[in-house]
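With mature numbering (1 follows the signal peptide of the UniProt record, and there is no 0) applied, the sequence shown covers -19 to -1, 1 to 648.
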Amino acid sequence: MPGILCVVILLLGSPVVVANPLQESSQDNLKSLRLVMPAVSPQEPDLYLCHSMNVSNQDIYIREFIPVADKDIAHHILLYGCNEPGSLESVWNCGEMVAQNTQSYQVAPVCASDSKILYAWAMDAPMLKLPDDVAFHVGQNTHIKNLVVQVHYKNVTIFKTTDTKDESGVEIVTMSKPVGRQPRLAGVYLMATGGKIPAHSVEYLEAACDFPDADMEIHPFAFRTHAHKLGRVISGYRVRNKHWEEIGRQDPRLPEMFYNVSNPHLTIRKGDILAARCTMENELDHDVYVGATSNDEMCNFYIMYYTQGSQSLTDDVCLTEGPPLWYWNDFPMQDRLNLAQVPFNASVIPGTRTPLERTAYANSPPWDDYDNTQLHYDSDENGFRGGMENMNSAEVVILKRCNSTLVIAEHNNETLAPITLNTVRAATRLGGEVSCLVAGNQCAKVAEKVSKVSGVKKVLLAESPEFKGFLPEALTPAVFTVQKQFNYTHILAGATAFGKGLIPRLAAKLNVCPISEIIGIKDAETFVRTIYAGNAIQTLKSADAVKLITVRGTAFEAAAEGGNGEIVKVPVESISNTLAAFEGQELSKSDRPELTSAKIVISGGRGMKSGENFQLLYTLADKLGAAVGASRAAVDAGFVPNDLQVGQTGKIVAPAVPEMTALIEKK
């Protein structure tokens, strides 16, 4: 989805002692460092101030964190490790998302580079002492050359009415050299989402990512949850070989401390998936969005871990867009995530027995596998175990998705066009079951390939000699017959010559308005597309009973393999196509990508002077794996054929740009 997703991430943690005290023999090696605000007088509530300490000339192992704070003044305190601080000022305003241009504080980020969360305090939480032989390593032999303390001021009345100064911060207990064996290095991994919680609803904010480091194994020893007022339960999991294992689960309304993980022997390594869910309940009369202030919401699940080696994770954040744009069923490889095994108690508040069922967007629950499914639990000494049974009982009450989508596959009877995979990915964003129609002549091989695409539940195979050449005049009545039989809510095709020839004809038969070249999906009825040759972005909502859509391939990631869809042959009625006949075709073979779906496009204009000079662009395109386009002037001059023309009167191209830029504010 184009644009920028601003997700503010806040770590408010009350620490818990998770290990035995330091051994007596190590006491002489301990040193205390005090990083506190230098007598500041904040004048606005919700002000975020930062202060830094340079540690580049020391080699430090942090073992304990002791808060220096008053909960009536400070909403929270965070300690960051940075390569460079966000500012060289003694104190600066580091609440960029809610920055106030008052007082004399410079506005800057917490860190200018290499930001790492080390510690958090809130609500008069006690000190945090790490397990034996575990430490955060900072200083001269690491990327962390500076420590930055951030204080979020909650109540500033005392500073506005008196001459009181504040020195909130953190005292850290450190070792200058390891005692005994080399300490196991500590780190923090964060899962978070953006999103919206509709009024009067229960919503799931979900994140899932592949474990980022192929050569490292981490050992979680503590976890922490954070939400604002709407959070009811937050749970985190490791998925290995399709099996879900709980890392931790907690009610975020309880003291926000680092709790011991559910399984102290759990490890995370290459091939694992990390997943988290925040179950939110919004009883307000208005929608609530993820944001920076106390009136917004947050969905954070933190894993504190150690490694046996000398390195910590470099990619330590898993971020998703959140509802209504992202749920667990939007994870690219559904077969690996195995949503059928999501634990029953993922949305059960600890101490209760009943899950909070999602009611937001009731016509599109977060994944397909809840259809015809009953949840159950078994009680044991560890709490609840999750499980699911496929049932047809009328006694089972289920949120059932109403949407169903047909993707019309583009192929040549032997190979599948890549844009079909992008279109399938877009279809999964609509919710409900996704089917693919493979219509052609002796194209069973293509149907087999489509059945293995993740997210495709069913493949409809329609074979007829009439489909030779894939003329839209022949395919339209066939798709119309399929629609009458299955009554899909959405029909999608790629925004290529194939899709643009077929979808408008089918829309006319169904008496609906086609939606062309979408680049984003807001919900099952609302779509984003470009207009005026890409100079404006339009968001439109369709009330048609069936939505017919062409999808711009570069706007959606390609669906991966990992599916196991059922192949169903559909009968093809006798087609009387007197409008057009396929005689043959001559194809120029090229390894370059198709122009409208290419991620890289090199375009030339009148300045190329001649068709011969376009060979320079072809050579460059071959090096870059790019497609070649041309301006109208170059085409009119006869330099290149018409099918290379791009722009408002030619082909619309969309070279790849980052689908989402996540501005992560770790507050």
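All C-beta atoms, glycine included, are put in the ideal place defined by N, C-alpha and C.
Buried or exposed for L(-10), going by 16 or more other Cβ atoms inside 10 Å? In the sequence shown, counting from the first residue as 1, residue -10 sits at position 10. Caution is warranted here: a pLDDT of 46 is assigned to L(-10), below 50, making its placement in the model unreliable, and the coordinate value is therefore given only provisionally. Burial call: buried.
How do the region 7 to 25 and the region 144 to 156 stand: do at least 3 beta-carbon pairs fall below 8 Å, yes or no? yes
Y170 bridges to which residues according to DSSP? As a first step, residue 170 is located in the sequence shown; it is residue number 189 there, counting from the start. Residue pairing of Y170 in beta bridges, as defined by DSSP: I284.
Quick check on DSSP: helix, strand or coil for Y513? Taking the sequence shown and counting its residues from 1, the one referred to as residue 513 is at position 532. Coil, per DSSP.
Using the rule of at least 16 other Cβ atoms within 10 Å of the residue's Cβ for burial, across every protein chain shown, is A276 buried or exposed? In the sequence shown, residue 276 corresponds to position 295, counting from 1. Reading off the sequence, residue 276 comes out as Asn, not Ala. Classification of N276: exposed, given that the 10 Å Cβ count is below 16.
DSSP has D191 in a bridge; who is on the other side? Here residue 191 refers to the residue found at position 210 of the sequence shown. Note: D191 sits in a beta bridge opposite I254.
In the region 436 to 501, which residue ranges form an unbroken alpha helix (DSSP H) of at least 4 residues, counting only runs that do not cross its ends? 453 to 467 and 478 to 491
Work out the CA separation of H207 and V440 for me, nearest whole Å. The count along the sequence shown starts at 1 and reaches residue 440 at position 459. The count along the sequence shown starts at 1 and reaches residue 207 at position 226. C-alpha separation (whole angstroms): 42 Å.
Which runs of the alpha helix (DSSP H) spanning at least 4 residues fall entirely within the region 276 to 327, listed in chain order? 315 to 318, all fully within the region 276 to 327.
Spatially closest choice to S113 from P90, S71, M156 and Q87, by CA coordinates: Position 132 of the sequence shown holds residue 113. A small correction: the amino acid at residue 113 is Asp; Ser does not occupy that position in the sequence shown. Taking only the C-alpha atoms, the option nearest D113 is M156.
Contact defined as beta carbons within less than 8 Å: I believe C417 pairs with A390. What is the distance between those atoms, to the nearest angstrom? For the purposes of this step, residue 417 is taken as residue 436 along the sequence shown, with counting starting at 1. For the purposes of this step, residue 390 is taken as residue 409 along the sequence shown, with counting starting at 1. Sure, about 5 Å apart at Cβ, within 8 Å.
Using only alpha-carbon positions, find the residue among Q87, A89, T123 and L166 that is nearest to V115. For this step, residue 115 is matched to residue 134 along the sequence shown. Answer by Cα proximity: L166.
If distances are taken between C-alpha atoms only, which option among T248, M285, G252 and H246 comes closest to M238? Here residue 238 is taken as the residue at index 257 of the sequence shown, counted from 1. Closest option to M238, Cα to Cα, is M285.
Pairwise C-alpha distance: C75 and A55: Against the sequence shown, residue 55 aligns to sequence position 74. Against the sequence shown, residue 75 aligns to sequence position 94. Looking at the two C-alpha atoms, the distance is approximately 15 Å.
I need the straight-line Cα distance from S345 to G412, nearest angstrom please. Here the question's residue 345 lines up with position 364 in the sequence shown. Here the question's residue 412 lines up with position 431 in the sequence shown. Caution is warranted here: a pLDDT of 47 is assigned to S345, below 50, making its placement in the model unreliable, and no coordinate value can be reported.
How far does the alpha helix (DSSP H) with T600 in it reach, from first residue to last? One-based indexing of the sequence shown puts residue 600 at position 619. The continuous alpha helix (DSSP H) containing T600 extends over residues F595 to L605.
Can you find at least 3 beta carbon pairs, one from the region 228 to 247 and one from the region 295 to 306, that sit closer than 8 Å? In short, these stretches do not touch, since the Cβ pair count stays below three.
Cα-Cα separation between I512 and I518, rounded to whole angstroms: The count along the sequence shown starts at 1 and reaches residue 512 at position 531. The count along the sequence shown starts at 1 and reaches residue 518 at position 537. Computed Cα separation, rounded: 6 Å.
Give a yes or no on whether the C-beta atoms belonging to G543 and S435 are separated by under 8 Å. As a position in the sequence shown, residue 543 is number 562, starting the count at 1. As a position in the sequence shown, residue 435 is number 454, starting the count at 1. Contact annotation: G543 and S435 have beta-carbon atoms nearer than 8 Å.
Among all the DSSP beta bridges, which residues are the ones paired with Y240? Position 259 of the sequence shown, counted from the start, is the residue given in the question as residue 240. In the DSSP output, where bridge partners are listed per residue, Y240 has F204.
Return the chain-ordered list of same chain residues with a C-beta closer than 7 Å to the C-beta of N10, the five sequence neighbours on each side being excluded. Numbered from 1 along the sequence shown, position 29 holds the residue referred to as residue 10. Excluding positions up to five away in sequence, the list reads M156, S157, K158 and V160.
Mind checking whether G168 and Q39 have CB atoms under 8 Å apart? Taking the sequence shown and counting its residues from 1, the one referred to as residue 168 is at position 187. Taking the sequence shown and counting its residues from 1, the one referred to as residue 39 is at position 58. Contact check for G168 against Q39 fails: the beta carbons are separated by 8 Å or more.
In its own chain, which residues sit with a C-beta less than 6 Å from the C-beta of N623, not counting the 5 before and 5 after it? Locating residue 623 in the sequence shown gives position 642, where the first residue counts as 1. The answer, listed in chain order, is V616.
Segment limits, alpha helix (DSSP H) that includes N136: Counting from one through the sequence shown, the residue named residue 136 turns up at place 155. According to the DSSP assignment, N136 belongs to no alpha helix (DSSP H), since it is labelled neither H nor E.
Among the candidates N319, Y287, H32 and A93, whose CA atom is the shortest distance from the CA of H224? Sequence index remark: in the sequence shown, residue 224 carries index 243 (1-based). Among N319, Y287, H32 and A93, the Cα nearest to that of H224 belongs to N319.
Just to confirm the assignment, what range does the beta strand (DSSP E) spanning V549 have? By one-based count along the sequence shown, residue 549 stands at place 568. Here the beta strand (DSSP E) through V549 covers E547 to K550.
Beta carbon of A89 nearer than 8 Å to that of A188: Within the sequence shown, numbered from 1, the residue matching residue 89 stands at position 108. Within the sequence shown, numbered from 1, the residue matching residue 188 stands at position 207. Taking 8 Å as the Cβ cut-off, A89 and A188 do not qualify as a contacting pair.
Bounding residues of the beta strand (DSSP E) (the contiguous stretch that carries E227): Along the sequence shown, one-based indexing puts residue 227 at 246. That run of the beta strand (DSSP E) goes H224 to Q231.
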